[in-house]
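Student: For the sequence shown, my numbering gives the first residue as 30, with consecutive numbering after it. Every residue gets a Cβ at the ideal spot worked out from N, C-alpha and C, and that includes glycine.
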Amino acid sequence: TGVHVYPMPFSDHLILWGRGLQRVELYDLTGRLIATHAGEPQDAPLLWHLPGLAPGVYILKGETDTAPFTRRVMRLSP
30 TGVHVYPMPF SDHLILWGRG LQRVELYDLT GRLIATHAGE PQDAPLLWHL PGLAPGVYIL
90 KGETDTAPFT RRVMRLSP
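(1) Using CA atoms only, rank isn't needed, just tell me which of L89, E54, S106, G49 is closest to P74.
(2) Helix, strand or coil for T93, going by three-state DSSP, please let me know.
(3) Is the beta carbon of H66 closer than 8 Å to that of V53?
(4) Nearest CA to the CA of G60: which residue from I88, D94, T93?
(5) Give a yes or no on whether the C-beta atoms belonging to L79 and I44 are separated by under 8 Å.
(6) How close, in whole Å, do the beta carbons of L82 and R104 come, if the pair is a contact with beta carbons under 8 Å?
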């Protein structure tokens with residue numbers, strides 16, 4: 030898909046950019062939902078603040094107006 034996620038790894042926020050970005054969910058590696066962001070479809074970058082997460086690898090799942098996407102993201106120590 031055409032969704033870009035940065036910076037990688039991240040510290041306290043992610044920037045997501047993709048046409049028609051609608052919903053984003055962050056899961057830990059056990060499949061537990063950690064955070065959700067939902068809103069009207071947008072074509073502008075989304076700045077998603079995620080303070081307080083433990084360092085480690087997470088799974089980012091979401092939807093654009095054309096397709097779902099999945100990305101692995103890594104949070105560094107603050």
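Tutor: The relevant details are as follows:
(1) The residue with the shortest Cα to Cα distance from P74 is G49.
(2) Of the three classes helix, strand and coil, the one that applies to T93 here is coil, per DSSP.
(3) Contact: yes.
(4) Nearest of I88, D94, T93 to G60, Cα basis: I88.
(5) The answer is no: Cβ separation not under 8 Å.
(6) With 8 Å as the limit, L82 and R104 qualify as a contact, their Cβ atoms being about 5 Å apart.
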